[in-house]
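S.K.: Mind having a look at this structure? Questions to follow.
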Amino acid sequence: MQPFEYAAPASVDEALALLARHGADAKVLAGGQSLVPLLNYRLARPRFVVDVNDLPLDEIRVDAGRVRLGALVRHSTLAASAVVARECPLLTEAAALIGNVRVRSLGTVGGSLAHADPAAELPLAMVALDARFELRSARGSRTVEVRDFFSGYLTTVLRPDELLTSVDAPPTRGAGTAVEEFSRRPGDFALVAVAAIVTIDRQGRVENARVAIGGIDGVPRRIPAVENALRGEPPATDRIARAAELARAEVTPQSDALASGEYRTLLAGVLTKRALARAVSRAMAVPA
Amino acid sequence: MTTRLLINGRARDVDVEPHRTLLEVLRDTLGIFDAKEGCNEGVCGACTVLLDGRPVSSCLVLAVATRGKPITTVRGLERDGDLHPLQDAFLRHGAVQCGFCTPGMLLTAYAFVEAHPHPDRAAIREALEGNLCRCTGYTKIVDAVEDYARNRCG
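This is how it looks when you write it as structure tokens:
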């Protein structure tokens, strides 16, 4: 690891002042589960590291009808939260799939989102949930919708002087939700991951479906073709299967050392079907 | 900078450069070889220690960032100089081959059983999936943890 200057500010304002001063030469250290490997390999060589772990940003609360997660909520805390399990169980399921137990002990919600790995679980879940991000800097704060937050592979719209302080999403009470992913070894990033959110109307038809896929492009994205094919339809197994097949036509993943593009395309269909089937059965089990 | 590390219940004031990982400081500065360096990217589990009672990869934590928080290495499992019952179970079951993964296995299993006192075999396997044994001696490790968890609760 290359040497750097280190500061652990005690307040958000102090952290923002440091980021304003050191800007592009600084890296924010939260749980460190993505940054420290990059430091170990000298792929990241910041001159300044701003350790934000002392900031009061680890609260989970329901606020103005949305579930709000402080950026420093740890994956293990998210996975164990009763509030999150009740209001947004997609996040409970996604958090439990992240990395290994050690990554979940320290890794944070804000860190995972700011790092923006296209195959990571939380960016995917936030895309499916239509989350909003609160970004702060010494200049002020702004709210960014998830569709505008991720701008490419490992890239977001966060400016060098900005800190992601919280993320919020609408609760999914009444919906059925599920995450499916496939990786060769437990703990690896998924080759492909799919999140699904389904609501069923009183006639037993799909009222709304949201499907997001990660691991395919530089950013996780929704698949409207699949969503539209289900809306208004009874969620029979064959209809789910046909809708899921549409996902394959909507993706053109690259081949890399881990998997071929063809294999990822196949996974997109299979995992979409599994995620939808589980989300539908959970939506049917919701008491009317 | 001088940093106070709390290792196995003992405070150690150490002069630590900010870019040193906890693993480097334990091994290179303090001569505590309980945590092993395997992958240096958080995947193998050989460098596992408990931080605030939770398993972490000491290769992925800056030592300065652990100031004032309790750190437990495998030696911290001992009770009055005797092996911890979990360590006894590893011995009885022959759950140690080369031994390189053993400290990480013990600490991960210990923290898991503290949080989940009645695990079934599948849950134990899942709990240990982030700790790699390159001797592939997993069966006896799971046997040992299962035995320990069962006897611990009587």
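From first to last, the protein sequence lines stand for chains A and B. Counting in our numbering, the first sequence runs from 4 upward without gaps. Counting in our numbering, the second sequence runs from 6 upward without gaps. The C-beta atom is built at its ideal place from N, Cα and C for all residues, glycine as well. As the structure is a computational prediction, the values presented were derived from the model and not from experiment.
Output the distance between the C-alpha atoms of A:L38 and A:R89, rounded to the nearest integer angstrom.
M.R.: Cα-Cα distance, rounded: 31 Å.
S.K.: Helix, strand or coil, according to DSSP, for B:Y153 in the structure here?
M.R.: If DSSP states are grouped into helix, strand and coil, B:Y153 belongs with the helices.
S.K.: Output the distance between the C-alpha atoms of B:L91 and B:Y115, rounded to the nearest integer angstrom.
M.R.: Looking at the two C-alpha atoms, the distance is approximately 7 Å.
S.K.: Pairs of beta-carbons, one from the stretch 160 to 170 of chain A and one from the stretch 183 to 191 of chain A, closer than 8 Å: are there three or more?
M.R.: Contact between the stretch 160 to 170 of chain A and the stretch 183 to 191 of chain A is absent, because fewer than three Cβ pairs lie under 8 Å.
S.K.: Going by other Cβ atoms of all chains shown within 10 Å of its Cβ, with 16 needed for buried, is A:A289 buried or exposed?
M.R.: It should be noted that the sequence gives Val, not Ala, for residue 289 of chain A. With fewer than 16 Cβ atoms within 10 Å of its Cβ, A:V289 is classed as exposed.
S.K.: Checking 7 Å against the spacing of the C-beta atoms, do A:R245 and A:A271 come in under that value?
M.R.: No. Outside cutoff.
S.K.: By Cβ distance below 6 Å, which residues in the same chain neighbour A:S124 in space, the five residues on each side in sequence not counted?
M.R.: Looking at the sequence provided, one finds Glu at residue 124 of chain A rather than Ser. Once the five neighbours on either side are set aside, the close Cβ partners of A:E124 are A97, L100 and I101.
S.K.: Expressed to the nearest angstrom, what Euclidean distance is found between the alpha-carbon atoms of A:F152 and B:G135?
M.R.: Going by the C-alpha atoms only, they are around 31 Å apart.
S.K.: Do the stretch 254 to 265 of chain A and the stretch 155 to 167 of chain A make contact, defined as three or more Cβ pairs closer than 8 Å?
M.R.: Short answer: they don't touch.
S.K.: Does B:N156 come within less than 7 Å of chain A when only Cβ atoms are used?
M.R.: No, no contact with chain A.
S.K.: State yes or no: is the beta carbon of B:G135 nearer than 7 Å to at least one beta carbon in chain A?
M.R.: So, interface residue.
S.K.: How many angstroms separate the CA atom of A:E137 from the CA atom of A:V106?
M.R.: In a straight line, the C-alpha of A:E137 is about 24 Å away from that of A:V106.
S.K.: Any chance you could list the alpha helix (DSSP H) runs of at least 4 consecutive residues sitting entirely within the stretch 37 to 111 of chain B, in chain order?
M.R.: Counting only runs of 4 or more, we get 90 to 98.
S.K.: Spatial neighbours of A:L42 within its chain, please: C-beta separation below 7 Å, excluding the five flanking residues on both sides.
M.R.: Around A:L42: M4.
S.K.: Using the Cα positions of A:S144 and A:A282, report the straight-line distance between them to the nearest angstrom.
M.R.: So the two alpha carbons sit approximately 35 Å from each other.
S.K.: Assuming the contact rule is C-beta atoms closer than 8 Å, A:A198 and A:L19 should be a hit. Round their C-beta distance to whole Å, please.
M.R.: Actually they do not touch by this definition, with Cβ atoms about 32 Å apart.
S.K.: Would you kindly work out how many angstroms separate the C-alpha atoms of A:G35 and A:L75, rounded to a whole number?
M.R.: Between A:G35 and A:L75, the C-alpha separation is close to 11 Å.
S.K.: Using a C-beta to C-beta distance shorter than 7 Å, which residues of chain B count as neighbours of A:D54?
M.R.: Neighbours of A:D54 on chain B, chain order: A70.
S.K.: Counting along the chain, where does the beta strand (DSSP E) carrying A:R107 start and finish?
M.R.: Here A:R107 belongs to no beta strand (DSSP E); instead the alpha helix (DSSP H) covers V104 to L109.
S.K.: Any contact between the stretch 220 to 240 of chain A and the stretch 7 to 19 of chain B? By contact I mean 3 or more CB pairs, one from each, below 8 Å.
M.R.: Contact fails: fewer than three Cβ-Cβ distances are below 8 Å.
S.K.: Verify the CB distance criterion: does B:R59 have a CB-CB separation below 7 Å to chain A?
M.R.: So, interface residue.
S.K.: Which residues in chain B sit within 7 Å of A:F7, going by Cβ to Cβ distance?
M.R.: Per Cβ cutoff of 7 Å: P23 and H24.
S.K.: Could you confirm whether any beta carbon from chain A is found closer than 7 Å to the beta carbon of B:E119?
M.R.: Judged by the 7 Å Cβ criterion, B:E119 is not in contact with chain A.
S.K.: Do B:D39 and B:P108 have their C-beta atoms within less than 7 Å of each other?
M.R.: Yes; because the gap between Cβ atoms is below 7 Å, this pair is in contact.
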